[in-house]
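Shown next, in structure tokens, is the structure this report addresses.
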Amino acid sequence: METVTRFAPSPTGYLHLGHAYSALINFQRAHSAQGRFLLRIEDIDQGRCKPEYEAAINEDLTWLGLAWEKPVLRQSDRMAIYEANLTYLHERGLVYRCFKTRKDIEQAMSAPHETTTAAFRSGPLTALEERDNLVDGRPYAWRLSLTEAEATLGATFSTLVYLEDTAEGLVKQLAEAQRFGDVVLGRKDNGTSYHLSSVVDDAAQGITHIIRGRDLCEAAGLQALLHQLLGLKPPVYKHHNLILDETGKRLSKRDKAVTLRAMRQRGLTPDDVKGLMP
Ligand code: GLU
51 METVTRFAPS PTGYLHLGHA YSALINFQRA HSAQGRFLLR IEDIDQGRCK PEYEAAINED
111 LTWLGLAWEK PVLRQSDRMA IYEANLTYLH ERGLVYRCFK TRKDIEQAMS APHETTTAAF
171 RSGPLTALEE RDNLVDGRPY AWRLSLTEAE ATLGATFSTL VYLEDTAEGL VKQLAEAQRF
231 GDVVLGRKDN GTSYHLSSVV DDAAQGITHI IRGRDLCEAA GLQALLHQLL GLKPPVYKHH
291 NLILDETGKR LSKRDKAVTL RAMRQRGLTP DDVKGLMP
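First residue of the sequence shown: 51, per this note's numbering; consecutive thereafter.
Listed below in structure tokens is the structure:
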């Protein structure tokens, strides 16, 4: 099977050394397998994404020596597709409308019978309550119903696995997704979410290997579960170490000094930047 990898940044800031590391690993993996490397612009959060950051992504990755297939998929062009996938899940009872505010949920989570670490789980309102809320124009999010997901996948739910690409060829369980609780798949503000759009697009683009930082380790189980619920085959996941700053914190888009453009402006070459990677 042909290897297809991707780098999927959100244009909410300039790329830093950590992004460059991730992009390069994906590029090299595709290259060494004579496969394909794709760039995807994850710009569902239109309030935070900026065209100048998107332009900078193209410029910085090109400067680093990376090349990718055109045209580049932009998530903001695909909102109707994410909506269709939510409809598919809704028709199967796998998502429900949640009218709760963040405060409602915090209160529910700190109720005495809940443990503080338990992820939020709930379920749909009755048809009558739901209708009243809709008539009142109350905003809602679409949440995954873990209870229905378990029922849909049946007794196999707790034993379903996905592949983690490590030296040991680790196999992980989809049931790990439970720690997310009934995660929001359709946000109140824009109707979709990172998890849903990312899974839909990874499948649509035929991504075979998802290689990204360890901070997304836990998301892999949930995303593999979503693939399964949408009738799609999960890709292989692999997680790389994060590049940390001198205080041991992971780099963030706010760390201006380690953005690729700041390093370039200081006169560093692409090879100098690669030399800073583990
Ligand atoms: N847009 C996400 C980010 O920048 C992508 C995460 C992923 O690779 O799935 O963190």
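Note that CB positions come from ideal geometry on N, CA and C, so glycine has one too.
Residue nearest to residue i in terms of C-alpha spacing, selected from the options
i	options	result
residue 314	71, 67 and 58	67
residue 132	170, 232, 113 and 251	251
residue 139	193, 82, 189 and 230	193
residue 195	234, 145, 53 and 95	145
residue 123	295, 254 and 317	254
residue 148	120, 187 and 135	187
residue 281	59, 202 and 264	202
residue 190	236, 172 and 232	236
residue 292	173, 204, 61 and 73	73
residue 211	108, 61 and 286	286
residue 220	158, 276 and 271	271
residue 129	269, 241 and 258	241
residue 94	53, 299, 268 and 238	238
residue 257	61, 206 and 88	88
residue 197	275, 182 and 86	275
residue 171	115, 230 and 100	230
Inter-residue spacing [alpha-carbon to alpha-carbon] between residue i and residue j
i	j	result
residue 142	residue 90	29 Å
residue 351	residue 63	Absent from the structure is residue 351, since the part of the chain shown begins at 51 and ends at 328.
residue 79	residue 185	52 Å
residue 309	residue 303	8 Å
residue 288	residue 125	23 Å
residue 137	residue 296	46 Å
residue 180	residue 134	21 Å
residue 82	residue 156	47 Å
residue 70	residue 111	7 Å
residue 228	residue 264	19 Å
residue 249	residue 312	32 Å
residue 109	residue 59	13 Å
residue 283	residue 208	17 Å
residue 216	residue 176	45 Å
residue 106	residue 61	9 Å
residue 232	residue 204	17 Å
residue 118	residue 154	44 Å
residue 225	residue 266	16 Å
residue 245	residue 96	16 Å
residue 318	residue 113	11 Å
residue 51	residue 320	32 Å
residue 262	residue 222	16 Å
Coarse secondary structure for residue i, derived from DSSP in three states
i	result
residue 200	helix
residue 223	strand
residue 325	helix
residue 211	strand
residue 237	coil
residue 54	strand
residue 191	strand
residue 250	helix
residue 112	helix
residue 143	coil
residue 308	helix
residue 316	coil
residue 288	strand
residue 279	helix
residue 63	coil
residue 173	coil
residue 257	coil
residue 165	Low confidence applies here, because residue 165 scores a pLDDT of 48, under 50, leaving its location unreliable and the question unanswered by this model.
Check: residue i C-beta below 7 Å from any heavy atom of the ligand GDP
i	result
residue 58	With respect to the ligand GDP, the structure offers nothing, as its ligand set consists of the ligand GLU.
May I have a chain-ordered list of the beta strand (DSSP E) segments no shorter than 3 residues that lie completely inside the segment 70–109? 86–91
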